[in-house]
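Quick notes on the structure that follows.
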Amino acid sequence: MDTMLWPLKVAVAWVMVTIHKGLVLIGFPDGPGIAWVLSIIGLTIVVRLLIMPLFVKQIRASRGMQLLQPEMKALQAKYKGKKDPESRQRMNEEMMALYRKHGTNPMASCLPILVQMPIFFALFRVLASLGAVAGGTYGRPSIGPLTQQLAEQVQASSVFGASLSSSFMSSADTQVKIVTVAMIIIMSVTQWYTMAQLTMKNMSAESMDSDNPMIRSQRMMMYVMPVIFAISGVNFQIGVLVYWVISNLWTMGQQFFTIRNMPAPGSEAEKKYRARVNAKRARKGLPSLEEEERAEAAAKAEAEGRTGGQRVQPVRKNRRKKSGGQGEAHGETRNEAQTDAVGESDDDEASGEDMSGSKGSASSKSGGLSDEEIARRRYERRARQRREAAARRKAQAKKKRNR
1 MDTMLWPLKV AVAWVMVTIH KGLVLIGFPD GPGIAWVLSI IGLTIVVRLL IMPLFVKQIR
61 ASRGMQLLQP EMKALQAKYK GKKDPESRQR MNEEMMALYR KHGTNPMASC LPILVQMPIF
121 FALFRVLASL GAVAGGTYGR PSIGPLTQQL AEQVQASSVF GASLSSSFMS SADTQVKIVT
181 VAMIIIMSVT QWYTMAQLTM KNMSAESMDS DNPMIRSQRM MMYVMPVIFA ISGVNFQIGV
241 LVYWVISNLW TMGQQFFTIR NMPAPGSEAE KKYRARVNAK RARKGLPSLE EEERAEAAAK
301 AEAEGRTGGQ RVQPVRKNRR KKSGGQGEAH GETRNEAQTD AVGESDDDEA SGEDMSGSKG
361 SASSKSGGLS DEEIARRRYE RRARQRREAA ARRKAQAKKK RNR
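Below, the structure written as structure tokens:
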């Protein structure tokens with residue numbers, strides 16, 4: 001195993017030694033001490049920064065998995081009760097087609113952990129080899145830049161009185177056992193919370209269905225993974241536990257930031273995100289996200305409808321009387337968005353437009369405005385009305401406080 005991991009062991013040792021030298025340069029004491037503990041923390045941060053693209057891919061894959069849930073449920077209903085090999089094969093083929101359509105993969109969510117595991121084991125073997133390197137019995141003079149002298153320093157460094165190279169099973173020291181148990185508890189709790197906030201806060205209502213295989217597997221992992229870490233943690237050195245605890249804390253903070261600012265569509269986190277954004281927009285006199293989305297959807301629908309031909313609008317009785325039916329005779333049509341864009345003109349002017357005949361109708365359809373200009377003017381008018389209403393409410397509230 002050491003032969004297979006040797007390149008990674010050298011890389012891990014190089015990062016640790018380089019960070020230690022940098023810490024000494026900025027004033028940390030050389031030799032055994034806190035600088036070597038911080039070098040392991042620095043190694044963790046370097047690894048997490050390097051796998052950041054994988055984390056982004058994991059987030060995208062997770063969102064893709066949630067977006068395809070309605071189609072996945074329909075597919076499961078389609079093949080419900082069909083256990084024959086042919087049906088199972090067709091179901092798997094259609095399922096893979098769904099994954100390709102949404103650009104996702106169930107395995108993408110495991111990539112950050114899978115990539116870290118070789119580094120984790122390399123650090124485990126580096127710390128396990130410190131005694132042999134320090135005693136000159138390792139078989140090699142050093143592990144990359146980690147020489148015999150530096151190995152002695154790392155071995156003599158400690159966390160709350162527990163040596164970095166010691167573990168629960170290999171040490172009879174009570175302090176080592178207490179520190180190990182405390183770090184295993186922290187590691188397990190942070191692992192559980194990281195998976196819990198992903199499962200409970202950042203999934204849509206459709207995804208939370210108990211019949212969903214993805215949610216069942218995630219809930220199972222949420223409870224199984226901390227147990228696995230708790231059982232295996234007694235064999236890890238204190239230095240490895242430092243790495244894993246810092247990695248879990250990083251993941252927890254990174255995920256909290258992502259869920260808070262980029263929640264999955266339809267999730268509880270998205271509702272809270274929209275509430276926060278809408279409150280800020282209201283203070284600035286801006287429309288809510290929902291209003292803005294409706295306006296954009298309406299503008300898009302109007303543009304698509306105009307491209308496919310205008311819809312004949314009903315004419316009010318008073319306007320029909322004024323126009324003497326000429327608007328109908330000439331096939332007068334008016335789009336709702338165009339009427340809204342020029343709606344600030346009076347009825348007489350509008351009636352004059354109706355009676356202007358086919359030539360006048362062609363020139364007055366949009367008042368010389370483009371589709372984008374119509375939508376923009378309507379949006380600006382509504383936004384102005386909302387700002388004025390907000391200002392009135394603010395003035396009334398101020399007046400009440402002054403009383």
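So for the sequence shown, our numbering puts the first residue at 1; every next one is plus one.
The beta-carbon is built from N, C-alpha and C at its ideal position, and this holds for glycine as well.
Task: Secondary structure of residue 150, DSSP reduced to three states - done: Walking along the sequence shown from the start, residue 150 turns up at place 150. Three-state result, residue 150: helix.
TODO: Assuming residue 122 contacts residue 38 (C-beta within less than 8 Å), just tell me the rounded distance between them.
DONE: As a first step, residue 122 is located in the sequence shown; it is residue number 122 there, counting from the start. As a first step, residue 38 is located in the sequence shown; it is residue number 38 there, counting from the start. Between residue 122 and residue 38 the beta-carbon gap is near 19 Å, outside 8 Å, which marks them as no contact.
Open item on the list: Let me check understanding here. Comparing Cα to Cα, which of 285, 180 and 151 lies closest to residue 381?
Closed with: On the sequence shown, residue 381 is found 381 positions in, with the first residue counted as 1. The shortest Cα separation from residue 381 among 285, 180 and 151 belongs to 285.
TODO: Check whether the region 160-167 touches the region 47-57, taking contact to mean three or more Cβ pairs, one atom from each stretch, closer than 8 Å.
DONE: Under the Cβ criterion (8 Å, minimum of three pairs), the region 160-167 does not count as touching the region 47-57.
Open item on the list: Can you give me the C-alpha to C-alpha distance between residue 104 and residue 89, rounded to a whole angstrom?
Closed with: In the sequence shown, residue 104 corresponds to position 104, counting from 1. In the sequence shown, residue 89 corresponds to position 89, counting from 1. Rounded to the nearest angstrom, the gap between the Cα atoms of residue 104 and residue 89 is 20 Å.
Task: Proximity below 9 Å, CB of residue 46 to CB of residue 143 - done: The residue given as residue 46 occupies position 46 in the sequence shown. The residue given as residue 143 occupies position 143 in the sequence shown. Not a contact, by the Cβ cut-off of 9 Å.
Open item on the list: Please report the straight-line C-alpha distance between residue 43 and residue 79, rounded to a whole angstrom.
Closed with: Residue mapping note: residue 43 aligns to position 43 of the sequence shown, counting from 1. Residue mapping note: residue 79 aligns to position 79 of the sequence shown, counting from 1. Answer to the nearest angstrom: the Cα atoms are 49 Å apart.
Task: Same chain only: Cβ atoms within 6 Å of residue 390, ignoring 5 sequence neighbours per side - done: Taking the sequence shown and counting its residues from 1, one reaches residue 390 at position 390. Excluding positions up to five away in sequence, the list reads 285.
Open item on the list: Strictly by DSSP, which residues pair up with residue 159?
Closed with: In the sequence shown, counting from the first residue as 1, residue 159 sits at position 159. DSSP links residue 159 through a beta bridge to 162.
- [ ] Quick one: give me the first and last residue of the alpha helix (DSSP H) that residue 242 is part of.
- [x] Reading the sequence shown from its first residue, position 242 is the one you call residue 242. Boundaries of the alpha helix (DSSP H) harbouring residue 242: 238-261, taken from the DSSP string.
- [ ] Under 8 Å by Cβ, that's how I've got residue 28 and residue 19 pegged, so tell me the actual separation to the nearest angstrom.
- [x] Translated into positions along the sequence shown, residue 28 becomes position 28. Translated into positions along the sequence shown, residue 19 becomes position 19. Not a contact, Cβ separation roughly 10 Å.
- [ ] Find the nearest neighbour of residue 298 within the set 102, 374, 385 and 129, judged by alpha-carbon distance.
- [x] Working through the sequence shown from its first residue, we reach residue 298 at position 298. Residue 298 has its Cα closest to that of 374, out of 102, 374, 385 and 129.
- [ ] Tell me residue 143's beta-bridge partners as DSSP assigns them.
- [x] On the sequence shown, position 143 is the one that residue 143 refers to. Per DSSP, 146.
Open item on the list: Let's see if you can read the secondary structure: which residues bound the alpha helix (DSSP H) around residue 98?
Closed with: Position 98 of the sequence shown, counting from 1, holds the residue named residue 98. Unbroken alpha helix (DSSP H) run through residue 98: 85-102.
- [ ] Rounded to whole angstroms, what's the CA-CA distance from residue 195 to residue 260? Just pull it up for me.
- [x] Stepping through the sequence shown from its first residue, residue 195 is reached at position 195. Stepping through the sequence shown from its first residue, residue 260 is reached at position 260. Rounded to whole angstroms, the gap between the alpha carbons of residue 195 and residue 260 is 15 Å.
TODO: Report the option in 171, 3, 154 and 191 whose CA atom is closest to the CA atom of residue 222.
DONE: Residue 222 sits at position 222 when you count from the first residue of the sequence shown. Closest in alpha carbon position to residue 222, among 171, 3, 154 and 191, is 191.
TODO: Could you tell me which of 395, 257, 182 and 228 sits nearest to residue 59, measuring between CA atoms?
DONE: If you number the sequence shown from 1, residue 59 lands on position 59. When each option's Cα is compared against that of residue 59, the closest is 257.
- [ ] Specify, as a first and last residue, the run of the alpha helix (DSSP H) that residue 70 falls within.
- [x] Taking the first residue of the sequence shown as position 1, residue 70 is located at position 70. Residue 70 -> alpha helix (DSSP H) spans 69-78.
Task: C-beta contact flag for residue 295 and residue 378 at 9 Å - done: As a position in the sequence shown, residue 295 is number 295, starting the count at 1. As a position in the sequence shown, residue 378 is number 378, starting the count at 1. Yes.
TODO: Assign residue 92 to buried or exposed, taking buried as 16 or more other Cβ atoms, counted over all protein chains shown, within 10 Å of its Cβ.
DONE: Here residue 92 refers to the residue found at position 92 of the sequence shown. Classification for residue 92: exposed.
- [ ] Would you check if there are 3 or more beta carbon pairs closer than 8 Å linking the region 234-241 to the region 125-138?
- [x] Short answer: they touch.
Open item on the list: Let me check one thing: in DSSP terms, what residues is residue 167 bridge-paired to?
Closed with: Along the sequence shown, one-based indexing puts residue 167 at 167. For residue 167, DSSP records a beta bridge to 237.
- [ ] Give the secondary structure of residue 21 by DSSP, where H, G and I count as helix, E and B as strand, and everything else as coil.
- [x] Counted from its first residue, the sequence shown places residue 21 at position 21. If DSSP states are grouped into helix, strand and coil, residue 21 belongs with the helices.
Task: residue 82 in three-state terms, based on DSSP - done: Position 82 of the sequence shown, counted from the start, is the residue given in the question as residue 82. Coil.
Open item on the list: Let's test the definition: count the other Cβ atoms within 10 Å of the Cβ of residue 187 and tell me whether it reaches 16, buried, or not, exposed.
Closed with: In the sequence shown, the residue the question calls residue 187 occupies position 187. Residue environment for residue 187: buried (at least 16 other C-beta atoms within 10 angstroms of its C-beta).
- [ ] Would you kindly report the start and end of the unbroken alpha helix (DSSP H) that includes residue 39?
- [x] Within the sequence shown, numbered from 1, the residue matching residue 39 stands at position 39. Taken as a continuous stretch (DSSP letters only), the alpha helix (DSSP H) holding residue 39 covers 34-50.
TODO: Can you tell me which of 75, 302 and 17 puts its alpha carbon nearest to the alpha carbon of residue 152?
DONE: Position 152 of the sequence shown, counted from the first residue, corresponds to residue 152. In terms of Cα proximity to residue 152, the closest of 75, 302 and 17 is 17.
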